[in-house]
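In the working numbering, the protein residues as written are 192 to 504.
Have a look at the structure below, then the notes.
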């Protein structure tokens, strides 16, 4: 029985760790898309945060928190670029996001060869865990929720905070109004452009924080294309969660649990091609999208650029 409990605890902890980059990226996408800006560039933002976090940690004498801060700033800057292209220049939002993804993949691959130029993978120090006295001793849930790194605790705080702001404050009402009917919001005096800029910048910062978690908590090293499509799975989780913080993070946990499951199935040496197991999380994401076809309604103005009407006497 103790062996079963240990296996369950280990599996749940692995599921949570694998879900964290997805959850940060998906919450970032939620803020952008609730304001009406489609953010396909989550993959590039996540990858940028992963590289910058690893590089700054490496060059700063293994200062992990400086690396995390730099990752957040880099993601915010990529978000600013995306907002400038989409909100100010009215570039097609899908094209802008794809351009960010392709640029981030190429630049991080090139820069990683300059920064980590050794033949072996550069090990990074990682973020230490903090055990909450008493609560961390609870079977299963103790190690899962109360013996974690600070970024997990931050996500547990960010989730109810995001839900409260979006649905129970005037700021959230303004944001949702901009994403649903920007012209009416503009008529009511809401600065639509400013709201969208702030939302997309926040989106980039959160997605990059997911990348920093990936390299500084989960795997503790950086390799080319380390994000491996996690930004796209975060987008799937966002749609699956119907643009609501709680259900979006629960969808991320589902995808993380699926990935943890395929890793454990591989360890059992079953006569199943590992390629099939690797694609399992993506299959689940695809099935989720197919099952929600026509049922998940995005913000009405999502992906539609807004141009302020000029007034003339």
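Don't be surprised by glycine CBs; every beta carbon is placed ideally from N, CA and C.
Item                                                                                                                    : Value
CB of residue 216 within 7 Å of CB of residue 422, strictly                                                             : yes
Secondary structure of residue 313, DSSP reduced to three states                                                        : coil
Residue 217 in three-state terms, based on DSSP                                                                         : helix
Cβ neighbour criterion (16 or more within 10 Å) applied to residue 256                                                  : exposed
DSSP three-state assignment for residue 202, whether helix, strand or coil                                              : helix
Contact set for residue 251: own chain, Cβ-Cβ below 8 Å, skip 5 residues either direction                               : 257 and 258
Exposure of residue 385, with buried meaning 16 or more beta-carbon neighbours within 10 Å                              : exposed
Cβ contact check for the region 336-343 and the region 432-444: 3 or more pairs under 8 Å                               : no
Touch test, the region 400-416 against the region 313-322, Cβ-Cβ under 8 Å, three pairs minimum                         : yes
Close-in-space but distant-in-sequence residues of the same chain around residue 306 (CB under 6 Å, 5 per side omitted) : 246
Inter-residue Cα distance where the pair is residue 342 and residue 219                                                 : 15 Å
Residues bridged to residue 368 [DSSP beta-bridge criterion]                                                            : In DSSP, residue 368 forms no bridge with anything.
Residue 374 versus residue 361 - alpha carbon distance                                                                  : 18 Å
Backbone CA spacing between residue 198 and residue 209 [nearest angstrom]                                              : 16 Å
Nearest-angstrom Cβ-Cβ length linking residue 226 and residue 366, presumed shorter than 8 Å                            : 6 Å
Residue(s) in a DSSP beta bridge with residue 338                                                                       : 322
Under the three-state DSSP convention, the category residue 281 falls into                                              : coil
Closest residue to residue 449 among 429, 207 and 333 (Cα-Cα distance)                                                  : 207
Boundaries of the alpha helix (DSSP H) in which residue 453 is found, first to last residue                             : 436-458
Boundaries of the alpha helix (DSSP H) in which residue 410 is found, first to last residue                             : Element bounds for residue 410: n/a, residue is neither H nor E.
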